[in-house]
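Worksheet for the structure shown next.
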Amino acid sequence: MEQPRRDLLTPGVLLPHPPVPETDLSRPSAARVYDYFLGGMHNFDVDRQLAEQVLAVASWVRDVTYANRRFLKRVVEYLVTRAGITQFLDIGSGIPTVGNVHETAQQHFEDARVVYVDVDSVAVMYSRGLLEGDNHTLVVQADIRDVETVLDRARELLDFSQPIAVLMVSVLLFVPEDQQPLELVRRYLDPLADGSYLGISHVTDEHVTGTLRAQTEAVTSAYAAAGTPVVARAYEHVAAFFAGLEFVEPGVVALDDWRNGTDVRLADPAIAALSLGGLARKPLAGPQHSSRAGEA
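Taking the numbering used here, the leading residue of the sequence shown gets 2, the next gets one more, and so forth.
See below:
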């Protein structure tokens with residue numbers, strides 16, 4: 002019998018070669034393609050085919066994927082060390098690689114609690130394997146659109162009377178406009194305590210021209226043809242997800258520009274500008290001291 006492989010990125014997690022139960026191999030999984038871009042091993046031929054097709058026309062996509070991980074790490078570090086947040090709801094968390102939310106948060110506060118949510122069965126299986134025995138984490142298999150299920154499961158671990166950080170990193174691009182992404186985000190925020198936070202990263206093709214425009218269109222077409230369409234949104238549409246919240250400076254900016262002191266940066270500013278990110282707080286009762294999203 003063939004021995005399982007050991008994942009090089011998450012020591013201690015053994016990978017069986019066959020797909021896990023309920024794995025749909027008829028089309029690529031966004032989580033598994035993302036894992037491939039990050040150098041992970043939790044992916045299959047159908048995922049690698051799409052990933053290689055994307056990289057063939059836009060090799061920078063892998064670098065942008067890493068920029069997303071660095072952004073996530075900086076957001077979590079800010080939330081724990083500067084904002085005092087110790088509860089996290091990571092929606093579209095993907096497959097565990099390096100720099101997971103609980104790892105970053107617990108470096109600064111060992112009792113930080115994290116609920117991971119993903120629709121992909123592979124992401125869920127390996128997340129549960131990685132986190133087995135960790136009573137400060139919970140892994141939920143659910144679609145981002147199934148808000149009530151996600152919130153009900155999150156209540157098993159998180160205290161909704163206290164602030165929670167909701168993280169939607171590189172996930173809303175998979176929610177088309179006809180599925181009302183703005184309302185979706187609002188439904189997640191409404192039950193949260195004042196002082197909770199929302200962190201988002203999102204792709205944009207605003208002001209993109211020439212060769213880079215052709216490359217971004219080719220990437221979008223490749224995902225659509227594979228049955229996993231993505232939506233690039235303009236700056237104002239990304240900022241609209243934060244409506245009514247108080248931005249943490251510098252607001253919605255290119256990922257590399259979000260509170261980046263000494264972290265790695267993408268070499269090409271035009272490519273860096275293709276991904277936006279921001280963090281904002283649900284207002285506290287009483288006088289406000291930060292710029293309100295949509296009112297600045």
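Glycine included, every Cβ here is placed at the ideal spot set by N, Cα and C. Just so we're clear, the structure is a prediction, and the values are computed from it rather than from any experiment.
*So L90 and V116 are in contact, right, with Cβ under 8 Å, and what is the actual spacing, rounded?*
In the sequence shown, residue 90 corresponds to position 89, counting from 1. In the sequence shown, residue 116 corresponds to position 115, counting from 1. The beta-carbon separation of L90 and V116, rounded to 5 Å, stays under the 8 Å limit for a contact.
*D91, enclosing beta strand (DSSP E) - first and last residue*: Counting from 1 along the sequence shown, the entry for residue 91 is found at position 90. Looking at the DSSP string, the run of the beta strand (DSSP E) that includes D91 is Q88 to I92.
_Between which residues of its own chain and R260 is the CB-CB distance below 7 Å, once the five residues before and five after are set aside?_
On the sequence shown, position 259 is the one that residue 260 refers to. Counting only residues of its own chain and dropping the five nearest sequence neighbours on each side, R260 has a CB closer than 7 Å to the CB of R75 and Y79.
*Return helix, strand or coil for E157, following the three-state DSSP convention.*
Here residue 157 corresponds to residue number 156 of the sequence shown, with the count starting at 1. In the three-state scheme derived from DSSP, where H, G and I count as helix and E and B as strand, E157 is classed as coil.
*CB S94 to CB S128, shorter than 8 Å?*
As a working note, residue 94 is residue 93 in the sequence shown. As a working note, residue 128 is residue 127 in the sequence shown. Using a Cβ distance threshold of 8 Å, S94 and S128 count as a contacting pair.
*asked:* In the DSSP assignment, the alpha helix (DSSP H) including A240 goes from what residue to what residue?
replied: In the sequence shown, the residue the question calls residue 240 occupies position 239. Unbroken alpha helix (DSSP H) run through A240: Y236 to A241.
*Decide if the region 123-138 is in contact with the region 209-223; the criterion is three or more beta carbon pairs, one per stretch, under 8 Å apart.*
Segments in contact, no.
*DSSP beta-bridge partners for A255?*
Taking the sequence shown and counting its residues from 1, the one referred to as residue 255 is at position 254. Checking the DSSP bridge columns, you'll see A255 partnered with L277.
_If I follow the unbroken beta strand (DSSP E) through M169, where does it start and stop?_
For this step, residue 169 is matched to residue 168 along the sequence shown. Following the DSSP letters along the chain, one finds M169 inside the beta strand (DSSP E) bounded by residues A166 to V170.
*asked:* Within 10 Å of its beta-carbon, does H109 have 16 or more other beta-carbons around it, so buried, or fewer, so exposed?
replied: The residue given as residue 109 occupies position 108 in the sequence shown. Burial call: exposed.
*Spatial neighbours of N44 within its chain, please: CB distance less than 6 Å, with the 5 preceding and 5 following residues excluded, ordered by chain position.*
As a first step, residue 44 is located in the sequence shown; it is residue number 43 there, counting from the start. The residues are R33, D36 and Y37.
*Report the option in P251, Q107 and L285 whose CA atom is closest to the CA atom of T82.*
Taking the first residue of the sequence shown as position 1, residue 82 is located at position 81. Ranking P251, Q107 and L285 by Cα distance to T82 puts Q107 first.
*Spell out a yes or no on whether the region 156-170 and the region 190-199 are touching, meaning 3 or more CB-CB pairs, one atom from each, closer than 8 Å.*
As far as the Cβ criterion goes, the region 156-170 touches the region 190-199, which means the pair count is three or higher.
*asked:* Quick check: what's the CA-CA separation for D119 versus V55?
replied: By 1-based counting over the sequence shown, the position of residue 119 is 118. By 1-based counting over the sequence shown, the position of residue 55 is 54. Taking the straight line from one Cα to the other gives about 23 Å.
_Bridge-paired residues (DSSP) for H308_ = The chain is shown only over 2 to 297; residue 308 falls outside these bounds and no answer can be derived.
*Spell out the partners DSSP gives F248 in its beta bridges.*
One-based indexing of the sequence shown puts residue 248 at position 247. F248 is bridged to A281.
_Please state whether the Cβ-Cβ distance between T217 and V231 is less than 8 Å._
As a first step, residue 217 must be located in the sequence shown, where it is residue number 216. As a first step, residue 231 must be located in the sequence shown, where it is residue number 230. Cβ distance not < 8 Å, so T217 and V231 don't count as in contact.
_So, for S60: in the same chain, excluding its five sequence neighbours on each side, which residues have a beta-carbon less than 6 Å away from its beta-carbon?_
On the sequence shown, residue 60 is found 59 positions in, with the first residue counted as 1. Setting aside the 5 residues that flank it on each side, S60 has no residue in the same chain whose C-beta is closer than 6 Å to its C-beta.
*Taking the CB atoms as reference points, tell me whether V253 and L277 lie closer together than 8 Å.*
Residue numbering aside, residue 253 sits at position 252 when the sequence shown is read from its first letter. Residue numbering aside, residue 277 sits at position 276 when the sequence shown is read from its first letter. Closer than 8 Å, so yes.
_CB contact flag (L39, R71, <8 Å)_ = Within the sequence shown, numbered from 1, the residue matching residue 39 stands at position 38. Within the sequence shown, numbered from 1, the residue matching residue 71 stands at position 70. For L39 and R71, no; Cβs fall outside 8 Å.
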